[in-house]
């Protein structure tokens, strides 16, 4: 078991080191997400007042778009240098490689969210930060669920033609429940008098989704990644 | 069976398209059921392909995915036609409607991957349908939290005889059509593979 986590940690550390030296994924996906939010702000903020209930949706759309970009790039980098093959040839558990990759992408998206959440809260006068712990729980579980599916599909798509087009096509229908639950939980949370029962329901749905899809991905990563 | 089912199809419309809007359900429900059956066949065949590597299961999954799109399109077109009259709107974000639409989208994505994915797309598509199957309960729970107005399937055993007969007749017809199309599609794929093998043997 400790060997499993050591491999996962090594993959994570490698990804973060590469990212620290280039800042490629963080800077591009962050810039992309911020420009998305600015588009929405231009469209939905009129005379200084934001549309009711738009902010939760905009936050999750921006996360989903930035996530697609980040997922595509992390594996594109592995493909260009043929390092994914080296990773798969290494005498390591395939699921451990998956866990390391997943942790890396969640970490990169977390950096994006640290900027996105205050930005949207500011532009749309949304009280994202009124209950920071709940918000953190919703963001973490939602991002994990989205990336759990995304990492698997992005890894499988490395060898496919037209992978940039196929990733969103595969990813978005599958992650609809995550986006529904994330948007509903966030929307319930930023009400002036939030109904924590509702937030708890959506949060537990998100956690259940995370558990099922991470398990499923760990189980199917091995047969899916064999040549 | 191959010869009889087109005749059944030709007979079915006489029973079902007699004016009233409700009659559309003779086609809507069997189509929706076959949509479900095809989705289950596709998912099970994909899992078996993934873990046994047998190309036969892959062909079944591919054929079933095409039928998911076909019957799903039928159900998704006839449904709103009925809903426009019954509910006054074309579409509501209801459990069944949303999960059907998502299932249909996953099947379309499956076909897109098969067509444009290039080498290795068979495994990719199998993974997609595996995750698509796992997705259904989550969509169900998440949308069920909102209200549902779609009629329950419990009305079917209570159908009076004169409505029950054409209904079950249409269901049987759709089931036969489904089996026929699936077998034809799998055979087409087998023959194509054999032709490729022969072509390679010529060189």
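Residue numbers (the numbering used here), protein chains in the order written: chain P, 1 to 227; chain H, 228 to 430. Ideal Cβ positions, reconstructed from N, Cα and C, are used throughout, including at glycine.
Under the three-state DSSP convention, the category residue i falls into
i              : result
residue 193(P) : coil
residue 90(P)  : coil
residue 125(P) : coil
residue 158(P) : coil
residue 131(P) : coil
residue 316(H) : coil
residue 334(H) : helix
residue 323(H) : helix
residue 424(H) : helix
residue 347(H) : coil
residue 430(H) : coil
residue 175(P) : coil
residue 78(P)  : helix
residue 358(H) : helix
residue 23(P)  : coil
residue 329(H) : helix
residue 1(P)   : coil
residue 416(H) : helix
Among the options, nearest to residue i - alpha-carbon criterion
i              : options                        : result
residue 146(P) : 69(P), 32(P), 7(P), 38(P)      : 69(P)
residue 347(H) : 291(H), 282(H), 296(H)         : 282(H)
residue 19(P)  : 105(P), 219(P), 125(P)         : 105(P)
residue 121(P) : 109(P), 135(P), 64(P)          : 135(P)
residue 187(P) : 175(P), 127(P), 12(P)          : 127(P)
residue 13(P)  : 108(P), 191(P), 100(P), 139(P) : 100(P)
residue 138(P) : 23(P), 202(P), 24(P), 71(P)    : 202(P)
residue 179(P) : 193(P), 209(P), 22(P)          : 209(P)
residue 297(H) : 427(H), 418(H), 405(H), 429(H) : 405(H)
residue 303(H) : 292(H), 421(H), 323(H)         : 323(H)
residue 64(P)  : 89(P), 34(P), 46(P)            : 34(P)
residue 189(P) : 129(P), 141(P), 164(P), 16(P)  : 129(P)
Beta-carbon gap between residue i and residue j smaller than 8 Å
i              : j              : result
residue 305(H) : residue 254(H) : yes
residue 340(H) : residue 359(H) : no
residue 167(P) : residue 154(P) : yes
residue 329(H) : residue 173(P) : yes
residue 217(P) : residue 148(P) : yes
residue 118(P) : residue 365(H) : no
residue 31(P)  : residue 58(P)  : no
residue 295(H) : residue 331(H) : yes
residue 221(P) : residue 94(P)  : yes
residue 431(H) : residue 258(H) : Residue 431(H) is absent from the model: chain H starts at 228 and stops at 430.
residue 67(P)  : residue 150(P) : yes
residue 123(P) : residue 37(P)  : yes
residue 56(P)  : residue 158(P) : no
residue 185(P) : residue 207(P) : no
residue 79(P)  : residue 28(P)  : no
residue 3(P)   : residue 125(P) : no
residue 344(H) : residue 161(P) : yes
residue 277(P) : residue 143(P) : Residue 277(P) falls outside the range modelled here, since chain P spans only 1 to 227, and no answer is possible.
residue 361(H) : residue 211(P) : no
residue 170(P) : residue 336(H) : yes
Residues sharing a beta bridge with residue i, DSSP
i             : result
residue 46(P) : 49(P)
Compile a chain-ordered list of the residues in the region 320 to 333 of chain H whose CB is closer than 7 Å to at least one CB of chain C.
-> The chain inventory of the structure shown lacks chain C, comprising the protein chains P and H.
Uninterrupted alpha helix (DSSP H) stretches inside the region 250 to 320 of chain H (no shorter than 4 residues) | 252 to 279, 282 to 313
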